[in-house]
Amino acid sequence: MKRILFLSVFLVCFSAYAQKFGQLAQTPPMGWNSWNKFGCDVNEQMIKEMADAMVSSGMKDAGYEYIVIDDCWQIGRDSLGNIIADPERFPSGMKALADYVHSKGLKFGLYSDAGRYTCQARPGSRGYEYQDARTYASWGVDYLKYDWCNHGKQNSEASYKLMRDALYKAGRPIVFSICEWGSTKPWEWAGDIGHLWRTTYDIQDCWDCLNDWGGMGWTLILDKQEGLEEYAGPGKWNDPDMLEVGNGGMTIKEYKAHFALWCMLAAPLMAGNDLRDMSKGIRDILTAKEVITINQDPLGKQGYKYKDHGDLEIWLKPLSNEEMAVCLFNRGDDPQNIIMHWTWLIKNCENKYSIRLYDGNYILRDLWKGKDLGAASEINTIDIPARDVLLLRLKKDK
Ligand code: GLA
Numbered sequence: 323m324k325r326i327l328f329l330s331v332f333l334v335c336f337s338a339y340a341q342k343f344g345q346l347a348q349t350p351p352m353g354w355n356s357w358n359k360f361g362c363d364v365n366e367q368m369i370k371e372m373a374d375a376m377v378s379s380g381m382k383d384a385g386y387e388y389i390v391i392d393d394c395w396q397i398g399r400d401s402l403g404n405i406i407a408d409p410e411r412f413p414s415g416m417k418a419l420a421d422y423v424h425s426k427g428l429k430f431g432l433y434s435d436a437g438r439y440t441c442q443a444r445p446g447s448r449g450y451e452y453q454d455a456r457t458y459a460s461w462g463v464d465y466l467k468y469d470w471c472n473h474g475k476q477n478s479e480a481s482y483k484l485m486r487d488a489l490y491k492a493g494r495p496i497v498f499s500i501c502e503w504g505s506t507k508p509w510e511w512a513g514d515i516g517h518l519w520r521t522t523y524d525i526q527d528c529w530d531c532l533n534d535w536g537g538m539g540w541t542l543i544l545d546k547q548e549g550l551e552e553y554a555g556p557g558k559w560n561d562p563d564m565l566e567v568g569n570g571g572m573t574i575k576e577y578k579a580h581f582a583l584w585c586m587l588a589a590p591l592m593a594g595n596d597l598r599d600m601s602k603g604i605r606d607i608l609t610a611k612e613v614i615t616i617n618q619d620p621l622g623k624q625g626y627k628y629k630d631h632g633d634l635e636i637w638l639k640p641l642s643n644e645e646m647a648v649c650l651f652n653r654g655d656d657p658q659n660i661i662m663h664w665t666w667l668i669k670n671c672e673n674k675y676s677i678r679l680y681d682g683n684y685i686l687r688d689l690w691k692g693k694d695l696g697a698a699s700e701i702n703t704i705d706i707p708a709r710d711v712l713l714l715r716l717k718k719d720k
């Protein structure tokens, strides 16, 4: 009898946590992560300044909420196996830092690894999953990025499930970000395990470069998202990696295109630049509210490539309220002028999700300019500068 009672209490608690966990990330998570700009050079003062800057720059108002410390915050384990944050770099400890981030109305995230060591050879969580999850919960962690270095012969699905169960058990709702680089097709198994999963190796701050170890520029990452759209939705997102916007390797137009396509992909929007030191051009990209609305649309459909005309691509993303985002992406080095038959597109586009558009009229709205261009039926030719996008919303004309 006692055992049955214990088992039912356990199941009720477990499913209550599962429910709390399942309600997170109903739209793609938005925040900032230290890795792309700072690598291992992380410390308490810088993280506090980044939280301050997220508020003062208008990023918080634009919807960004998580401040995530990536690799290198951890230095060892104590005699009881508890993970230790580097006391030189984080002298006040993680709980105090999480409290500070929370006091700004933001949320706090950390990084660990499913193997014995992280990618930078810091202690991983292998064998310490439940203990680490309890520690994170006690510090007030709201987001965990969980990497896949040094995993030996571990099975990916089982390893991530183990940490997910540990997080449930710890009882604090924590967004679980799977960082397994797409190597065992997490989109096929991670829907109930994590809220987002990386689909490729690491993004680089370039248009189309390719490193020998697999890191690549954002347009190459974009190409690898094709076909993954069916796996994404509220609470489960394909993650084409964090943003490089503002890190210096690309032009403003190239960053604008990068950001627009990440919004079309319903990708998590984790800024990866120094928020304390942004030019107006970069801030305007990262805080473009109407563009972000495409990303955060409650329908949660991932956009997909509808037409490929070589250097010119047309991407579609169905939105709630029978509206649709259209991104005309010029990948080439010359400006392009195209003729668009909007009426035909609206009536005939068999969008992947079989979501019908309505029979009335649509207005075309330029989302970067925040300006209505006129009735869709009347606009035919469109110019798109080299390596840039035109991001439009087909808005119902009421
Ligand atoms: C891997 C991940 C990166 C980053 C580093 C940290 O390469 O893919 O996003 O977390 O590890 O070492």
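Going by the numbering used here, the sequence shown opens with residue 323, and the numbers climb by one from there. Where is the CB? At the ideal position from N, CA and C, for every residue including glycine.
Return the residue from the list 360, 651, 647 that minimises the CA-CA distance to residue 667. Ranking the options by Cα distance to residue 667, first place goes to 647.
How big is the Cα-Cα spacing for residue 434 and residue 661? One C-alpha to the other measures close to 49 Å.
Near residue 515, which residues of its chain fall below 6 Å by C-beta distance, leaving aside the five closest residues on each side in sequence? Within the same chain, and ignoring the five residues on either side of residue 515 in sequence, the residues whose Cβ sits closer than 6 Å to its Cβ are 482, 483, 486.
Cβ distance (whole Å) where residue 697 is taken to contact residue 719 below 8 Å: Yes, they are in contact, since the Cβ atoms of residue 697 and residue 719 sit about 7 Å apart, within 8 Å.
beta-carbon residue 671 near ligand 1 non-hydrogen atom, thresh 6 Å: It does not: the Cβ of residue 671 is nowhere closer than 6 Å to a heavy atom of ligand 1.
Are residue 407 and residue 395 touching if we call contact CB-CB under 7 Å? A contact, by the Cβ cut-off of 7 Å.
If you drop the 5 nearest sequence neighbours on each side, which residues of the same chain put their C-beta closer than 6 Å to that of residue 658? Within the same chain, residue 658 has close Cβ partners 634, 652, 706.
So what does residue 406 bridge to, in DSSP terms? Residue 406 pairs with 398.
Does DSSP classify residue 631 as helix, strand or coil? The three-state secondary structure of residue 631, taken from DSSP, is strand.
Three-way DSSP call (helix, strand, coil) for residue 432 in this model: DSSP, reduced to helix, strand and coil, places residue 432 within a strand of the structure shown.
Thinking just about the alpha-carbon of each residue, which of 598, 472, 507 is nearest to the one in residue 562? For the residues 598, 472, 507, the minimum Cα distance to residue 562 belongs to 507.
Close beta carbons around residue 618, own chain, < 8 Å, minus the five adjacent residues each side: For residue 618, where only same-chain residues beyond five positions count, the Cβ hits under 8 Å are 349, 350, 352, 385.
Tell me whether residue 705 counts as near ligand 1, meaning its Cβ is closer than 6 Å to at least one heavy atom of that ligand. Not under cutoff, so the answer is no.
Coarse secondary structure for residue 703, derived from DSSP in three states: DSSP places residue 703 in strand when its eight states are reduced to three.
I'd like the span of the alpha helix (DSSP H) that includes residue 696, first residue to last. From DSSP, residue 696 is part of no alpha helix (DSSP H) but of the beta strand (DSSP E) over 693-697.
What residues match up with residue 353 in a beta bridge as DSSP calls it? For residue 353, which the question treats as bridged, DSSP gives the partners 388, 592.
Inter-stretch contact at 8 Å, needing at least 3 Cβ pairs: the stretch 445-461 / the stretch 491-500: The stretch 445-461 vs the stretch 491-500: in contact.
Does ligand 2 have even one heavy atom less than 6 Å from the beta-carbon of residue 393? Ligand 2 is absent from the structure shown, which contains only ligand 1.
Beta-carbon contacts of residue 555 that lie in its chain and below 7 Å, excluding the five residues immediately before and after: Within its own chain, the residues whose Cβ lies closer than 7 Å to the Cβ of residue 555, once the five positions on either side in sequence are excluded, are 622, listed in chain order.
Quick one: complete beta strand (DSSP E) runs, 3+ long, within the stretch 413-473? At a cut-off of 3 residues, the continuous stretches assigned as beta strand (DSSP E) that sit fully inside the stretch 413-473 are 429-435, 465-469.
Terminal residues of the beta strand (DSSP E) in which residue 519 lies: Taken as a continuous stretch (DSSP letters only), the beta strand (DSSP E) holding residue 519 covers 518-520.
Is it the case that the stretch 400-416 contacts the stretch 520-528, given that we only count it when at least three CB pairs across the two stretches are under 8 Å? The stretch 520-528, when compared against the stretch 400-416, does not touch it at the 8 Å Cβ threshold.
With hydrogens ignored, establish whether the beta-carbon of residue 637 is closer than 6 Å to any heavy atom of ligand 1. Every heavy atom of ligand 1 is 6 Å or more from the Cβ of residue 637, so no.
Relative to the alpha-carbon of residue 589, which residue among 577, 624, 540 has its alpha-carbon at the smallest distance? Ranking 577, 624, 540 by Cα distance to residue 589 puts 624 first.
Quick check: the stretch 471-478 against the stretch 422-429, are there 3 or more CB pairs under 8 Å? Too few Cβ pairs lie closer than 8 Å, so no.
Residue 466: which of 703, 343, 716 sits nearest, CA to CA? Residue 343 is the option with its Cα nearest to residue 466.
Is residue 435 a contact residue of ligand 1, with contact defined as CB to any heavy atom under 6 Å? No - ligand 1 has no heavy atom lying nearer than 6 Å to the Cβ of residue 435.
Rounded to a whole number of angstroms, what is the C-alpha to C-alpha distance between residue 405 and residue 445? If you take the alpha carbons of residue 405 and residue 445, they lie about 8 Å apart.
Roughly how many angstroms separate the alpha carbons of residue 397 and residue 441, rounded to a whole number? Roughly 13 Å separates the two Cα atoms.
Is there at least one non-hydrogen atom of ligand 1 closer than 6 Å to the beta-carbon of residue 528? Checking the Cβ of residue 528 against ligand 1 gives no.
Tell me whether residue 481 sits in a helix, a strand or coil according to DSSP, three-state version. Residue state, collapsed to three classes: helix.
Ligand 1 heavy atom lying under 6 Å from the CB of residue 441: Residue 441 Cβ: within cutoff of ligand 1.
Which of helix, strand or coil DSSP assigns to residue 539: Residue 539 sits in coil when the DSSP states are folded into three classes, being neither helix nor strand.
Close beta carbons around residue 655, own chain, < 6 Å, minus the five adjacent residues each side: By the criterion of a C-beta distance shorter than 6 Å, residue 655 is surrounded in its chain by 708, once the five residues flanking it on both sides are discounted.
Just to confirm, does residue 357 get its C-beta within under 6 Å of one of the non-hydrogen atoms of ligand 1? Because some heavy atom of ligand 1 lies under 6 Å away, the Cβ of residue 357 counts as near it: yes.
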